[in-house]
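Numbering-wise, the numbering used here puts 44 at position 44 of the sequence shown, and it's gapless, one number per residue.
Even for Gly, the Cβ is constructed at its ideal location relative to N, Cα and C.
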Amino acid sequence: MLLWIINGLLTILGLLFAKYPRNYGILHPKKLFVYFFLIVQVSGFFFARLIKLIDGNYKVSDDVLLTISLITFYSFTIFVVSYYIWKKIIPLNIIKFPKLYVGFFRKLYSVFFLLGSIGILIYYLKNGFVLFKEGGYENKNIANIGLGYARLMYSIGFSYFILSYLLFSFNKKRLRRTLYVSLFLGVLIFVIIGGGRAASLGLFIECIIIGLYYKYFSKRKLITLGIILFVIIITLTIVRYKLNLSSETMVLLLYQLQGSFSPIDSFAIIYKHFSFNENFVPNIAFNSFLTLIPRFIWTDKPIEINVPSVYFTREILNYPSFLTISPTLLGELYMYGGILSITVGMFLIALIVRIFVLIYIKSFVIPSARVFFILNALIYFSLFREGLSIFVRDIFLKIIVFISIIFAIEIISSISIKKFRGNYNENINDFKYVSVKK
Numbered sequence: 001m002l003l004w005i006i007n008g009l010l011t012i013l014g015l016l017f018a019k020y021p022r023n024y025g026i027l028h029p030k031k032l033f034v035y036f037f038l039i040v041q042v043s044g045f046f047f048a049r050l051i052k053l054i055d056g057n058y059k060v061s062d063d064v065l066l067t068i069s070l071i072t073f074y075s076f077t078i079f080v081v082s083y084y085i086w087k088k089i090i091p092l093n094i095i096k097f098p099k100l101y102v103g104f105f106r107k108l109y110s111v112f113f114l115l116g117s118i119g120i121l122i123y124y125l126k127n128g129f130v131l132f133k134e135g136g137y138e139n140k141n142i143a144n145i146g147l148g149y150a151r152l153m154y155s156i157g158f159s160y161f162i163l164s165y166l167l168f169s170f171n172k173k174r175l176r177r178t179l180y181v182s183l184f185l186g187v188l189i190f191v192i193i194g195g196g197r198a199a200s201l202g203l204f205i206e207c208i209i210i211g212l213y214y215k216y217f218s219k220r221k222l223i224t225l226g227i228i229l230f231v232i233i234i235t236l237t238i239v240r241y242k243l244n245l246s247s248e249t250m251v252l253l254l255y256q257l258q259g260s261f262s263p264i265d266s267f268a269i270i271y272k273h274f275s276f277n278e279n280f281v282p283n284i285a286f287n288s289f290l291t292l293i294p295r296f297i298w299t300d301k302p303i304e305i306n307v308p309s310v311y312f313t314r315e316i317l318n319y320p321s322f323l324t325i326s327p328t329l330l331g332e333l334y335m336y337g338g339i340l341s342i343t344v345g346m347f348l349i350a351l352i353v354r355i356f357v358l359i360y361i362k363s364f365v366i367p368s369a370r371v372f373f374i375l376n377a378l379i380y381f382s383l384f385r386e387g388l389s390i391f392v393r394d395i396f397l398k399i400i401v402f403i404s405i406i407f408a409i410e411i412i413s414s415i416s417i418k419k420f421r422g423n424y425n426e427n428i429n430d431f432k433y434v435s436v437k438k
C-alpha cells in the first residue's frame, strides 16, 4: 500500500509541476522531462503491482521496490529544486544560434532522402532482410557490425529529409504525405536492420512532433495517436522477441511492456548489487564516446565497448549475449557513486533541461533553433531509458552534424546568394498564436 501512496503522490506532484507554464504546449522541455520521468522511472512500479496482482508474485521483493521508489522520489525532488536554481542563474539570451537560409534548406529534402536511401541500401546489400534470418534478435547486432557509418547516413538523411520537407512548409497535405512515407521507411528499416523499434518509429514520431509544434493535433487526436503507437509497440515487441501463442500470457506481455517502457527491475538489481559491493564504476561513463570512433581509424575496436548498458548486462546480470539491457537513468547514476551520484546527476540534468527550454523559446523566432529543437524534442525518453552517458553522446553527435549541415548550407548559399536571393525568406514568423515570454 505504501508503494502505491509514494508513486501516486510522485505522479500527482509531477503532473502539477508539468502544468506550468500554461502558455506553452506539451513540447515545452520541462513538461516533456516530467512526462518521460513518470513513464520510464515511475510507471514500472504500477506495472509491478499489476503483475503481482495477476500472477501472485513479482521478481523484485517489496522491500527493494519500496527503497528504490523512495530514491526515485528523492531524485525528482532534487531535479525540481535544481531547475529553479538554474532558472534564476541562466539568462534567456545566453545561447546563440547560426543563421539558416530557409529557402535553400527547403530545397534539400531530395538530397537528404537520397543520403538516407543510400545508407539503408548499404545495410540491405550486406545482409538482406536481417529480421527474417534464423537465430532471433541477436542477429541484428552480429550482422550489422561495421555498418555504423551507414546507420548515420540513413538516420541523419531521413530525419533531415522530414525537417526540410515539412518543418518550414507545414500544411495538412504535406503532413499526411510525410506520415505515410515515414511509416513505410520505418517498416523498411525494421526488416532490414532486424529490429530497432526506436529507429523504426522515430521518423513517424518526428512528423507528430512537427504537427504538435504547429498545434495541428487536438487532445483527441493526440490520445488516438498515443493508442495507435502503443498498439504498434506491443506488436513490435511480439515480433522482436518472437513470442508465440504458448508464451503470450498476460503476465509475460506485462513484463515485456514494463521492460520496454519502465525497466525498474534494472534499477532494483543495480541497487542490490552495489549494496553489497562498493566498487562503483564512474569510468564507464566515458566509454560511450568511444563508440563514435570509426573502425577504419580504430582497427582493433571491440565488437562491444563497455558502456553502462554492456557493463550492466555482462558484469552485473552475467548475461552472455549480444543483446544489452538498459540500466535506466537512475540505475546508471547509482552505478557511478550511489545517492551522491544521483544528486549530482539530477542537478546537471536540470541544467540541460533549462538550456533546452531556452532553445525551445528561441525556436519560435530563429529558424536554426527550430531545426535543432525538433531534432531533440524527445531526447528525454532516451535519457531515462538508455542513461546519461548515451544521452550526452547522442547530443554531442547531433550538435556536430547540425553545425556541419548549417555551415555547409551557409557556404553554398553565400556562393549562390544572388541567384537565390528572391527565394529567401529570412524573417520567418509562422507562429502568430505564440506569446514568447521568458
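{"Item": "Taking the continuous alpha helix (DSSP H) assigned at Pro29, which residues delimit it?", "Value": "29-37"}
{"Item": "Give the list of continuous alpha helix (DSSP H) stretches no shorter than 4 residues that lie fully inside the segment 43-74.", "Value": "43-55"}
{"Item": "Using the Cβ count rule (16 or more neighbours within 10 Å means buried), how would you classify Tyr255?", "Value": "buried"}
{"Item": "Does DSSP classify Ser414 as helix, strand or coil?", "Value": "helix"}
{"Item": "Whose C-beta lies closer than 7 Å to the C-beta of Ile284 among residues of the same chain, with five residues either side of it excluded?", "Value": "Asn306, Val307, Pro308, Tyr311"}
{"Item": "Residues in its own chain within less than 8 Å of Ile342 by CB, not counting five upstream and five downstream?", "Value": "Ile71, Tyr74, Ser75, Ile78, Leu330, Leu333, Tyr334"}
{"Item": "Which whole runs of the alpha helix (DSSP H) in the segment 290-345 are 4 residues long or more, in chain order?", "Value": "308-311"}
{"Item": "Over what stretch of residues does the alpha helix (DSSP H) that includes Leu108 continue unbroken?", "Value": "Leu108 -> no alpha helix (DSSP H), and no H or E assigned at all."}
{"Item": "Would Phe158 and Gly116 qualify as a contact pair, given that the criterion is a beta-carbon distance under 8 Å?", "Value": "yes"}
{"Item": "Give me the residue from Ser262, Ile339, Val81, Lys126 with the minimum Cα distance to Leu383.", "Value": "Ser262"}
{"Item": "Could you work out which residue in Ile409, Arg174, Ile192, Leu92 is closest to Tyr123 when comparing CA atoms only?", "Value": "Ile192"}
{"Item": "Starting from Val40, follow the alpha helix (DSSP H) in both directions and report where the run begins and ends.", "Value": "Per DSSP, Val40 belongs to no alpha helix (DSSP H) and is neither H nor E."}
{"Item": "Would Phe170 pass as a contact of Tyr214 if the rule is Cβ separation under 8 Å?", "Value": "yes"}
{"Item": "Can you round the beta-carbon distance between Gly226 and Phe204 to whole angstroms, since I take them to be within the 8 Å contact cut?", "Value": "Actually they do not touch by this definition, with Cβ atoms about 13 Å apart."}
{"Item": "Between the C-alpha atoms of Arg49 and Val231, what's the straight-line distance to the nearest angstrom?", "Value": "22 Å"}
{"Item": "How would you call Arg354, buried or exposed, if buried means at least 16 neighbouring beta carbons within 10 angstroms?", "Value": "buried"}
{"Item": "Quick one: is Lys362 buried, meaning 16 or more other Cβ sit within 10 Å of its Cβ, or exposed?", "Value": "buried"}
{"Item": "If we ignore side chains and look at the alpha-carbon of each, how far apart do Phe217 and Pro29 end up?", "Value": "18 Å"}
{"Item": "Can you have a look at Lys172 and say buried or exposed, based on whether 16 or more other CB atoms are within 10 angstroms of its CB?", "Value": "exposed"}
{"Item": "Quick check on Phe168: does DSSP put it in helix, strand or coil?", "Value": "coil"}
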